[in-house]
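**Q** In this note's numbering, the protein residues as written are 71 to 256. Beta carbons: idealized from backbone N, C-alpha and C, even for Gly. For clarity, every value in this text was computed on a predicted model and none was experimentally measured. Got a structure here, written out as C-alpha cells. Questions coming.
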C-alpha cells in the first residue's frame, strides 16, 4: 500500500498494490497495521456501505456531526466517480477548502476521509458501485449537508448540468455560508 497526503490535513489517497496474472488480480484492500504505521491514525471501521448509481448521479455533500461524526475509507468497485471532500473543521488550516479526486475500478485507489469533512461524489461512468467503510454508525439525527453546487465552494463537478441527477433531499441542502455560521457558533 502506498499513501499520498493531500492538501486537506488527515485526508489520504491510498494506492493499493495490485498483483495481476493470467487469472486476474489480487489486492489487499485495507490493512490496519500498515495504515496506522503510515498515518499515525488508529481507526476501526464498524459499518460498511455500498451504493450503485448511474452516470450523472451526484450524492452529497454529507456529514454527521458531534459524537456521531464519521471517518470514512471510500473507493470504487465498478466504474468511476469524481470524489469530493470539503473541510469543515473550524480549527483546520484548510477550513472551507475542497479536494476532488477521481476514483475508479482500474487504479482501485481509495480515499481516507477524516471526521469533520463533507463528502460527496459524481458518477462519471455508465454505472458505478461505490463502497464506504465508516468508523461510526449512521445516525439520521446528526446528518447534515451542504448544496453540491454552492457558489462559495465553486466545485467543478465535471458532469454537465443537464446530465446531473440528485435526490430531492440533496437539492434542498443549505449553503456553505449557512452551515459555516452554525459551525462558528458551536
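I believe residue 167 touches residue 78 by the beta-carbon criterion, under 8 Å. Please report the beta-carbon distance rounded to the nearest angstrom.
**A** Against the chain shown, residue 167 aligns to sequence position 97. Against the chain shown, residue 78 aligns to sequence position 8. Yes, they are in contact, since the Cβ atoms of residue 167 and residue 78 sit about 7 Å apart, within 8 Å.
**Q** Just the C-alpha distance for residue 191 and residue 74, rounded to the nearest angstrom, thanks.
**A** One-based indexing of the chain shown puts residue 191 at position 121. One-based indexing of the chain shown puts residue 74 at position 4. Those two C-alpha atoms are separated by around 20 Å.
**Q** Flag this pair as yes or no: are the beta carbons of residue 202 and residue 119 separated by less than 7 Å?
**A** Counted from its first residue, the chain shown places residue 202 at position 132. Counted from its first residue, the chain shown places residue 119 at position 49. In contact: residue 202 and residue 119 (Cβ atoms closer than 7 Å).
**Q** Within this structure, are the beta carbons of residue 181 and residue 153 separated by less than 7 Å?
**A** By one-based count along the chain shown, residue 181 stands at place 111. By one-based count along the chain shown, residue 153 stands at place 83. Yes.
**Q** How about residue 216 and residue 183: do their beta carbons lie closer than 7 Å?
**A** Counted from its first residue, the chain shown places residue 216 at position 146. Counted from its first residue, the chain shown places residue 183 at position 113. The answer is no: Cβ separation not under 7 Å.
**Q** Quick one, are the C-beta atoms of residue 236 and residue 128 less than 7 Å apart?
**A** For the purposes of this step, residue 236 is identified with residue 166 of the chain shown, where counting begins at 1. For the purposes of this step, residue 128 is identified with residue 58 of the chain shown, where counting begins at 1. In this structure, residue 128 lies closer than 7 Å to residue 236 by Cβ.
**Q** For the alpha helix (DSSP H) containing residue 108, name the first residue and the last one.
**A** As a position in the chain shown, residue 108 is number 38, starting the count at 1. Its alpha helix (DSSP H) spans residues 102-109.
**Q** Using a 10 Å radius around the Cβ and a threshold of 16 neighbouring Cβ atoms, would you call residue 84 buried or exposed?
**A** Working through the chain shown from its first residue, we reach residue 84 at position 14. It counts as buried.
**Q** Assuming the contact rule is C-beta atoms closer than 8 Å, residue 131 and residue 188 should be a hit. Round their C-beta distance to whole Å, please.
**A** Walking along the chain shown from the start, residue 131 turns up at place 61. Walking along the chain shown from the start, residue 188 turns up at place 118. Indeed, because the Cβ distance is near 4 Å, the residues count as touching under 8 Å.
**Q** For residue 93, which residues in the same chain have their Cβ closer than 6 Å to its Cβ, ignoring the five residues on either side in sequence?
**A** Looking up residue 93 in the chain shown gives position 23. Within the same chain, residue 93 has no close Cβ partners at all.
**Q** Under three-state DSSP, which class holds residue 86?
**A** Position 16 of the chain shown, counted from the first residue, corresponds to residue 86. Coil.
**Q** From residue 175 to residue 86, what distance separates their C-alpha atoms?
**A** Position 105 of the chain shown, counted from the start, is the residue given in the question as residue 175. Position 16 of the chain shown, counted from the start, is the residue given in the question as residue 86. Rounded to whole angstroms, residue 175 to residue 86 spans 12 Å at the Cα level.
**Q** What's the gap between the Cα of residue 141 and the Cα of residue 185?
**A** For the purposes of this step, residue 141 is taken as residue 71 along the chain shown, with counting starting at 1. For the purposes of this step, residue 185 is taken as residue 115 along the chain shown, with counting starting at 1. Their Cα atoms are separated by approximately 4 Å.
**Q** When you compare each of 125, 151 and 178 to residue 170 by their alpha carbons, which one comes out closest?
**A** Numbered from its first residue, the chain shown carries residue 170 at position 100. Answer by Cα proximity: 151.
**Q** Please report the residue range of the alpha helix (DSSP H) in which residue 238 lies.
**A** Residue mapping note: residue 238 aligns to position 168 of the chain shown, counting from 1. 238-241 is the span of the alpha helix (DSSP H), which, as asked, contains residue 238.
**Q** Do residue 200 and residue 121 have their beta-carbon atoms positioned less than 7 Å apart in this structure?
**A** Start at 1 with the first residue of the chain shown, and residue 121 comes out as number 51. Start at 1 with the first residue of the chain shown, and residue 200 comes out as number 130. Cβ distance < 7 Å, so residue 121 and residue 200 count as in contact.
**Q** Which runs of the beta strand (DSSP E) at least 3 residues long sit entirely within the stretch 109-180? Give them in chain order.
**A** Runs of the beta strand (DSSP E) inside the stretch 109-180: 117-124, 128-134, 142-148, 150-157 and 168-174.
**Q** With respect to the beta strand (DSSP E) encompassing residue 193, which residues constitute its N-terminal and C-terminal limits?
**A** Taking the chain shown and counting its residues from 1, one reaches residue 193 at position 123. Looking at the DSSP string, the run of the beta strand (DSSP E) that includes residue 193 is 187-193.
**Q** Pick out whichever of 115, 148, 105 and 106 has its Cα sitting closest to the Cα of residue 123.
**A** Taking the first residue of the chain shown as position 1, residue 123 is located at position 53. Checking every option, the nearest Cα to that of residue 123 belongs to 148.
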